[in-house]
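Protein chains: 2
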Amino acid sequence: MKDEFYEKTISTKPIFSGRVIDLVVKDVELPDGKTSKREIINHPGAVAVIALTKENKILLVKQFRKPLEKTIVEIPAGKLEIGEDPLECAKRELEEETGYKALNIKFITSFYTSPGFADELIHIYFTDQIEIGEINCDEDEFLSVMEISLQEAEKLIEQQIIHDAKTVYAIQFLKLKGGLT
Amino acid sequence: MKDEFYEKTISTKPIFSGRVIDLVVKDVELPDGKTSKREIINHPGAVAVIALTKENKILLVKQFRKPLEKTIVEIPAGKLEIGEDPLECAKRELEEETGYKALNIKFITSFYTSPGFADELIHIYFTDQIEIGEINCDEDEFLSVMEISLQEAEKLIEQQIIHDAKTVYAIQFLKLKGGLT
């Protein structure tokens, strides 16, 4: 696609370099020659896994999200480590967070979560072939695992307990797939 | 839901206050009594609109996204102004970006885009009753409007031209609704 709307970088000011995100402010030249500032979060990217048990339940994790100051329920997910293959990351995060190993796993899609201010790209995988493995969360990660039906998941969306983009996407994906009963 | 995983704020360090986002770093007490740091982006929240024309095409906007360094195609969307009602914001952004007025508009759902590091909540609306209004973009906003079928939209997802959470969600929503031909 021709970038008729391209914004040329005039200068980049690093503001913050953290454990999860970096922040820079860029001065850009707009298509009309004027200038503006863009506040940009750089993120390593993430994976998330839509995983079905033998009983055709979806695996979800309940965890406190400090930015929201509340506990929500999400599909298993995590950040990419530097140079990590997203598929390997998906298998790793699934087992670390839920204790289930994926015997096979399939790439579904990827999308940017907040293209207006962040470059975070999340890769979504699907598996319905899992076996018991070993839970092994990060030391600052506390969560519990849930196995629920599509109907229960839809209730959690209404209750805003499932309340994030990747998990709402996952529930739609399963409805379209007709994969849950 | 009982917040058994609650993380108590020990201290909050403001890092950056911008035009779109703020960044703070919080020292938190974890459920096991240990401490950790959370890097948190505060965002005013946003709205996005799934809008169908009389010809049953979806309205999309093509714009350059500096964080991605590329042009992508999204449903019309924008940030909430301070104290702005999301429904009013949805009508405003639809007309500003596409030149179409919504005669009626319905709330569909809302979700957090990146709950791991940001509090951005996006509210999704649907309308299939639109009439010609007046395009009036922000001065640093350059975009073009597209009206396409569901099949064309799905091609754009495959081509990663539609490549963001809210728009992928919107296409799934329309498939589930059976609202596009």
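Those protein sequence lines, which keep their order, are chains A and B. So for the first sequence, this note's numbering puts the first residue at 1; every next one is plus one. So for the second sequence, this note's numbering puts the first residue at 1001; every next one is plus one. All C-beta atoms in this analysis are idealised placements derived from N, C-alpha and C, irrespective of residue type, glycine included.
The region 20 to 28 of chain A in contact with the region 99 to 107 of chain A per 3-pair CB rule at 8 Å
no
Since A/K26 contacts A/I15 with CB under 8 Å, what's their CB separation in whole angstroms?
Going by Cβ atoms, the distance from A/K26 to A/I15 rounds to 11 Å, so no, they are not a contact pair.
Contact list for B/S1011 against chain A, beta-carbon separation under 8 Å
The contacting residues do not exist; B/S1011 stays about 13 Å from chain A at best.
The beta strand (DSSP E) with A/L121 in it runs from where to where?
L121 to I132
Near A/Y6, what residues of its chain come up, given a Cβ to Cβ distance below 8 Å and the 5 sequence neighbours on each side ignored?
P31
With a cut-off of 8 Å on the beta carbons, I'd call A/A118 and A/H43 a contact; round off their distance for me.
6 Å
Within 9 Å of any Cβ in chain A, is that where the Cβ of B/G1178 sits?
no
Use the C-beta contact count for B/I1122: other C-beta atoms within 10 angstroms, 16 or more gives buried, fewer gives exposed.
buried
Residues bridged to B/S1011 by DSSP?
B/D1027
Checking the sheet assignment: what are the DSSP bridge partners for B/S1144?
B/K1062
Is it true that the region 137 to 157 of chain A meets the region 1065 to 1080 of chain B, where meeting means three or more beta-carbon pairs spaced less than 8 Å apart?
no
How is B/I1050 classed by DSSP in three states: helix, strand or coil?
strand
Quick one: is B/S1011 buried, meaning 16 or more other Cβ sit within 10 Å of its Cβ, or exposed?
exposed
So is B/D1003 in contact with chain A if we call contact Cβ pairs under 9 Å?
yes
So, with DSSP's three-state summary, where would you put B/F1005?
coil
Among the candidates A/I130, A/P115 and A/E84, whose CA atom is the shortest distance from the CA of A/I105?
A/I130
Identify, in the order they occur along the chain, each residue of the same chain with its Cβ nearer than 8 Å to the Cβ of A/E55, setting aside the five sequence neighbours on each side.
E147
Closest Cβ-Cβ distance between A/N136 and chain B: below 9 Å?
no
Quick one: what does DSSP say B/V1168 is sitting in, helix, strand or coil?
helix
Whole angstroms are fine: how far does the CA of A/I50 sit from the CA of A/T127?
6 Å
For B/S1036, which residues in the same chain have their Cβ closer than 7 Å to its Cβ, ignoring the five residues on either side in sequence?
V1028 and L1030
So, B/T1109 versus B/I1124, is the Cβ gap smaller than 9 Å?
yes
For a test of the three-state rule: what should DSSP assign to B/I1072, helix, strand or coil?
strand
Output yes or no for whether 9 Å exceeds the beta carbon distance between A/I58 and A/I171.
yes
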